[in-house]
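First residue of the sequence shown: 1, per the UniProt record's numbering; consecutive thereafter.
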Amino acid sequence: MAIRWTRGALRNLQDLLAYIAADNPGRAVTFARELKDKIECLDEFPGLGHAGRMPGTRELVLHANYRVIYRTHAGTVQVLRIQHNAMRPR
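Quick look at the structure:
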(Lines of atoms letter the chains of each structure in order from A and count residues from 1; the text may use other names and numbers.)
(Lines give C-alpha, C1' and ligand atoms only; values in the text may rest on other atoms or scores of the structure.)
Protein backbone atom coordinates (compact mmCIF):
# COMPACT_ATOMS: atom_id res chain seq x y z
CA MET A 1 0.00 0.00 0.00
CA ALA A 2 1.15 3.52 -0.69
CA ILE A 3 1.51 5.90 2.24
CA ARG A 4 -0.06 9.34 1.90
CA TRP A 5 0.30 12.12 4.46
CA THR A 6 -2.45 14.66 5.03
CA ARG A 7 -1.45 18.30 5.33
CA GLY A 8 -2.42 18.20 8.99
CA ALA A 9 -0.14 15.23 9.67
CA LEU A 10 2.76 16.94 7.90
CA ARG A 11 2.16 20.06 10.01
CA ASN A 12 2.11 17.91 13.16
CA LEU A 13 5.42 16.37 12.13
CA GLN A 14 7.03 19.73 11.34
CA ASP A 15 5.88 21.23 14.64
CA LEU A 16 7.08 18.22 16.62
CA LEU A 17 10.51 18.17 14.97
CA ALA A 18 10.92 21.94 15.39
CA TYR A 19 10.08 21.59 19.09
CA ILE A 20 12.65 18.83 19.57
CA ALA A 21 15.27 20.62 17.44
CA ALA A 22 15.01 23.78 19.55
CA ASP A 23 16.42 21.76 22.45
CA ASN A 24 18.47 19.10 20.66
CA PRO A 25 18.92 19.29 16.86
CA GLY A 26 20.70 15.95 16.63
CA ARG A 27 17.90 14.18 18.47
CA ALA A 28 15.35 15.72 16.10
CA VAL A 29 17.14 14.11 13.14
CA THR A 30 17.32 10.73 14.88
CA PHE A 31 13.70 10.96 15.99
CA ALA A 32 12.56 11.81 12.44
CA ARG A 33 14.39 8.76 11.10
CA GLU A 34 12.81 6.51 13.75
CA LEU A 35 9.32 7.81 12.95
CA LYS A 36 9.86 7.42 9.21
CA ASP A 37 11.02 3.81 9.62
CA LYS A 38 7.99 2.86 11.74
CA ILE A 39 5.50 4.58 9.47
CA GLU A 40 7.03 2.95 6.37
CA CYS A 41 6.22 -0.46 7.91
CA LEU A 42 2.56 0.36 7.35
CA ASP A 43 2.88 -0.10 3.58
CA GLU A 44 3.39 -3.84 4.09
CA PHE A 45 1.55 -4.21 7.39
CA PRO A 46 -1.35 -1.72 7.48
CA GLY A 47 -2.98 -3.63 10.33
CA LEU A 48 0.08 -3.16 12.54
CA GLY A 49 -1.58 -0.55 14.74
CA HIS A 50 -4.55 -1.16 16.99
CA ALA A 51 -8.13 0.01 16.42
CA GLY A 52 -8.25 3.76 16.87
CA ARG A 53 -10.30 5.81 19.30
CA MET A 54 -12.12 7.35 16.36
CA PRO A 55 -14.17 5.03 14.13
CA GLY A 56 -12.41 3.87 10.98
CA THR A 57 -8.93 4.74 12.23
CA ARG A 58 -5.97 2.82 13.55
CA GLU A 59 -3.21 3.99 15.88
CA LEU A 60 0.43 2.99 15.92
CA VAL A 61 2.66 3.87 18.85
CA LEU A 62 5.67 5.62 17.36
CA HIS A 63 7.50 6.35 20.55
CA ALA A 64 6.65 6.24 24.24
CA ASN A 65 4.93 9.62 23.96
CA TYR A 66 3.65 9.73 20.37
CA ARG A 67 1.31 7.83 18.10
CA VAL A 68 0.31 8.07 14.48
CA ILE A 69 -3.38 8.05 13.66
CA TYR A 70 -4.10 6.60 10.23
CA ARG A 71 -6.68 4.85 8.12
CA THR A 72 -6.60 2.65 5.08
CA HIS A 73 -8.61 3.74 2.08
CA ALA A 74 -8.57 2.77 -1.59
CA GLY A 75 -5.29 0.88 -1.37
CA THR A 76 -3.45 3.58 0.56
CA VAL A 77 -2.51 4.24 4.14
CA GLN A 78 -3.53 7.81 4.97
CA VAL A 79 -1.52 9.31 7.83
CA LEU A 80 -4.02 11.64 9.48
CA ARG A 81 -2.18 12.92 12.52
CA ILE A 82 0.82 12.53 14.78
CA GLN A 83 -0.29 13.09 18.32
CA HIS A 84 1.23 13.22 21.79
CA ASN A 85 -0.28 10.46 23.91
CA ALA A 86 -1.43 12.94 26.56
CA MET A 87 -3.60 14.81 24.02
CA ARG A 88 -7.25 13.98 23.62
CA PRO A 89 -8.38 13.19 20.07
CA ARG A 90 -10.33 15.84 18.18
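Cβ atoms here follow ideal geometry from the backbone N, Cα and C, with glycine treated the same way.
Since the model is a prediction, treat every value here as computed from it, not as a measurement.
Taking a contact to require three or more Cβ pairs closer than 8 Å, the segment 45 to 55 and the segment 16 to 27 do not qualify as touching.
DSSP, reduced to helix, strand and coil, places A64 outside both helices and strands of the structure shown, so it counts as coil. Burial check for V79: the Cβ neighbour count within 10 Å reaches 16 or more, so the residue is buried. Residue state for L16 is assigned as helix, using DSSP reduced to three classes. Non-local beta-carbon contacts of L13 in its own chain, meaning distances under 6 Å to residues more than five positions away in sequence, involve I82 in chain order. Within the DSSP secondary-structure output, V79 pairs in a beta bridge with W5, Y70. Scanning its chain for C-beta atoms nearer than 8 Å, with the 5 sequence neighbours on each side dropped, one finds around T76 the residues M1, A2, I3, R4, in chain order. G49 places its beta carbon less than 9 Å from that of E59.
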